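Engineer: According to the numbering used here, the sequence shown is numbered sequentially starting from 355.
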Amino acid sequence: MTALPRRRSAKQAPNDLPADVPAFVQALREISLAGRALSAKERHDLHNIGADAAERGVPLRELIKGHLAEMWRSWATLPGVDAAANTDALKRTGEAVFRAAEDAVGELTKGYEETQRWTVRRDESLRREFLDDLLTGRDVGQLAERAERYGLQLAGTNVVAAASASRPFLESSTATSSVQAAMSLRFSSRHVLVAARDGLLVCVVPHDLMGAPEEFARQVSEVAGRNSGWRVGLGQPHSGPGGAVRSFEQARNALDIAERLALTDRFVKAADLLVYQVLLRDSAALGELVTAVLEPLRAARGGAEHLVDTLEAYFASGRVTTATAQTLGIGVRTVTYRLNRVRELTGYRADDPAQAFTLQVAVLGARLLGRPQPGLAP
Numbered sequence: 355m356t357a358l359p360r361r362r363s364a365k366q367a368p369n370d371l372p373a374d375v376p377a378f379v380q381a382l383r384e385i386s387l388a389g390r391a392l393s394a395k396e397r398h399d400l401h402n403i404g405a406d407a408a409e410r411g412v413p414l415r416e417l418i419k420g421h422l423a424e425m426w427r428s429w430a431t432l433p434g435v436d437a438a439a440n441t442d443a444l445k446r447t448g449e450a451v452f453r454a455a456e457d458a459v460g461e462l463t464k465g466y467e468e469t470q471r472w473t474v475r476r477d478e479s480l481r482r483e484f485l486d487d488l489l490t491g492r493d494v495g496q497l498a499e500r501a502e503r504y505g506l507q508l509a510g511t512n513v514v515a516a517a518s519a520s521r522p523f524l525e526s527s528t529a530t531s532s533v534q535a536a537m538s539l540r541f542s543s544r545h546v547l548v549a550a551r552d553g554l555l556v557c558v559v560p561h562d563l564m565g566a567p568e569e570f571a572r573q574v575s576e577v578a579g580r581n582s583g584w585r586v587g588l589g590q591p592h593s594g595p596g597g598a599v600r601s602f603e604q605a606r607n608a609l610d611i612a613e614r615l616a617l618t619d620r621f622v623k624a625a626d627l628l629v630y631q632v633l634l635r636d637s638a639a640l641g642e643l644v645t646a647v648l649e650p651l652r653a654a655r656g657g658a659e660h661l662v663d664t665l666e667a668y669f670a671s672g673r674v675t676t677a678t679a680q681t682l683g684i685g686v687r688t689v690t691y692r693l694n695r696v697r698e699l700t701g702y703r704a705d706d707p708a709q710a711f712t713l714q715v716a717v718l719g720a721r722l723l724g725r726p727q728p729g730l731a732p
């Protein structure tokens with residue numbers, strides 16, 4: 355892209371038209387006499403004028419309107435118009451001038467749009483770099499200063515939501531840009547950061563921006579499809595430069611736990627899954643518990659799978675056999691038989707509160723550790 359002209363004085367209003375308009379009029383004066391097209395230099399200058407206007411925030415319509423207005427104001431005084439001896443000569447002059455004006459509008463627009471695209475790409479790149487550093491804790495010393503550009507107060511409290519879907523989210527995908535645009539429109543781009551990272555779509559917002567995580571989940575459902583396998587995990591609010599890193603890790607862990615447990619919830623909060631995180635902190639001890647309690651079930655006819663599924667449904671129903679039977683599509687007698695078989699093989703009664711707790715933790719542990727079925731060994 356050609357170099358942009360120097361910036362104008364700060365005393366000038368941001369929507370002032372370029373001072374180069376008189377140069378455009380001078381070109382029209384020469385064209386009215388010679389009947390020529392715009393020269394390469396004149397096109398180059400107009401291209402740069404459009405680029406400069408885009409950089410300074412001048413609306414494109416005002417830029418074009420200003421140039422055309424100058425053409426109309428100077429029309430009667432153009433040398434070629436004044437020297438026209440007859441109607442045919444005036445017509446030829448008019449055709450040359452209007453053709454030049456049309457080409458001028460094209461060059462102004464081209465320079466304007468190229469700079470706008472470059473500015474958008476630059477801003478998107480800066481946003482991605484900032485979010486990447488924010489979520490990894492890199493360049494902490496500069497994070498606070500850079501955060502002000504996006505309306506985030508790192509000394510304040512922020513929260514991170516992360517979305518997963520059947521197809522990974524990519525920075526260049528329309529799904530990513532659609533969610534980002536929708537969130538920026540609803541909450542202002544100075545308070546919401548949305549970007550793709552490691553196949554997830556990540557959203558960072560101040561914790562007191564009411565409804566933002568829920569709206570993020572709604573937008574994800576729109577782009578991913580309500581019936582597709584999408585889910586949003588929400589970390590807990592944290593403050594300070596490292597707060598976003600902690601919240602992001604919690605959001606990812608919430609997604610991981612929800613996947614392991616095959617939860618049906620589309621919107622899962624890390625705060626609601628703390629008990630599972632506690633279990634996973636000592637995965638070795640949890641594995642020993644699973645082995646000690648559930649491995650004996652492999653001796654059952656047909657393996658352990660149907661017994662583990664029955665226990666899982668039984669605990670999910672609040673230890674109600676009729677509800678368990680309905681969930682599994684089997685008879686109440688079958689449920690009772692299976693629970694008795696669990697007691698015979700493991701020594702734990704599912705209807706005893708203390709023993710049931712051990713069984714339930716073991717079943718959850720098997721899911722969390724990804725133990726295959728029907729065998730429970732790693």
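Yeah, the Cβ is synthetic: ideal placement off N, Cα and C, and Gly gets one too.
Predicted, not measured: the structure shown is a model, and the values here were computed from it.
Less than 6 Å between C-beta atoms, sequence neighbours within five positions excluded: which residues of the same chain meet that for Arg606?
Structural biologist: Excluding residues within five positions, the ones whose Cβ falls inside 6 Å are Ala516.
Engineer: Assess, as a yes-or-no matter, whether the segment 522-540 is touched by the segment 621-640 under the definition of 3 or more beta carbon pairs within less than 8 Å.
Structural biologist: The segment 621-640 is not in contact with the segment 522-540.
Engineer: Okay, do the segment 643-661 and the segment 618-629 touch, 3+ Cβ pairs below 8 Å being the bar?
Structural biologist: Result no; under three Cβ-Cβ pairs closer than 8 Å.
Engineer: Quick check on the burial criterion: 16 or more other C-beta atoms within 10 angstroms. Buried or exposed for Gly724?
Structural biologist: Answer is exposed; the Cβ neighbour count stays below 16.
Engineer: If you drop the 5 nearest sequence neighbours on each side, which residues of the same chain put their C-beta closer than 8 Å to that of Val717?
Structural biologist: The answer, listed in chain order, is Leu648, Val662, Leu665, Glu666, Phe669.
Engineer: Mind checking whether Thr675 and Val689 have CB atoms under 7 Å apart?
Structural biologist: Against a cut-off of 7 Å, the Cβ pair of Val689 and Thr675 comes out as a contact.
Engineer: The alpha helix (DSSP H) that contains Arg397, what's its start and end?
Structural biologist: Unbroken alpha helix (DSSP H) run through Arg397: 394-410.
Engineer: List the DSSP bridge partners of Ala516.
Structural biologist: DSSP output for Ala516 lists Val556, Gly587 as bridge partner(s).
Engineer: Give me, in chain order, the residues of the same chain whose beta-carbon lies closer than 6 Å to that of Thr511; leave out the 5 immediate sequence neighbours on both sides.
Structural biologist: Excluding positions up to five away in sequence, the list reads His561, Pro591, Ser593.
Engineer: Based on DSSP bridge pairs, tell me the residues matched to Ala550.
Structural biologist: DSSP output for Ala550 lists Leu555 as bridge partner(s).
Engineer: Go through its chain and collect everything with a Cβ distance to Thr463's Cβ below 8 Å, but skip five positions before and after it.
Structural biologist: Gly404, Leu414, Ile418.
Engineer: Going by the beta-carbon positions, is the gap between Val586 and Ala571 smaller than 7 Å?
Structural biologist: It is a contact, given that the beta carbons lie within the stated cut-off.
Engineer: How would you write the range of the beta strand (DSSP E) that Val622 sits in, first residue to last?
Structural biologist: From DSSP, the beta strand (DSSP E) with Val622 extends over 621-623.
Engineer: With DSSP as the reference, identify every bridge partner of Ser593, one or two as the case may be.
Structural biologist: Ser593 is bridged to Thr511.
Engineer: Is the segment 519-530 in contact with the segment 457-472, if contact means three or more CB pairs nearer than 8 Å?
Structural biologist: Touching, no, given that fewer than three Cβ pairs across the two stretches are closer than 8 Å.
Engineer: Report, in whole angstroms, the separation of the C-beta atoms of Leu328 and Ala598, which I expect to be a contact under 8 Å.
Structural biologist: Given a span of 355 to 732 for the chain in the structure shown, any question on residue 328 remains unanswerable.
Engineer: Along the chain, which unbroken stretches of the alpha helix (DSSP H) at least 4 residues long are found entirely within the segment 682-714?
Structural biologist: If we require 4 residues or more, the alpha helix (DSSP H) runs fully inside the segment 682-714 come out as 686-700.
Engineer: Going by Cα to Cα distance, which pick from Asp705, Glu659, Tyr702 is closest to Ala720?
Structural biologist: Cα-wise, what sits closest to Ala720 is Glu659.
Engineer: Could you have a look at Gln727 and say whether DSSP puts it in helix, strand or coil?
Structural biologist: Residue placement at Gln727 is poorly supported in this model, since its pLDDT is 49, which falls under 50; the coordinates are not used for a value here.
Engineer: Would you call Ala439 buried or exposed, if buried means 16 or more other Cβ atoms sit within 10 Å of its Cβ?
Structural biologist: Label assigned to Ala439: exposed.
Engineer: Count the other CB atoms, across all protein chains shown, that sit within 10 Å of the CB of Val556; report buried if there are 16 or more and exposed otherwise.
Structural biologist: Counting Cβ neighbours within 10 Å, Val556 comes out buried, since at least 16 surround it.
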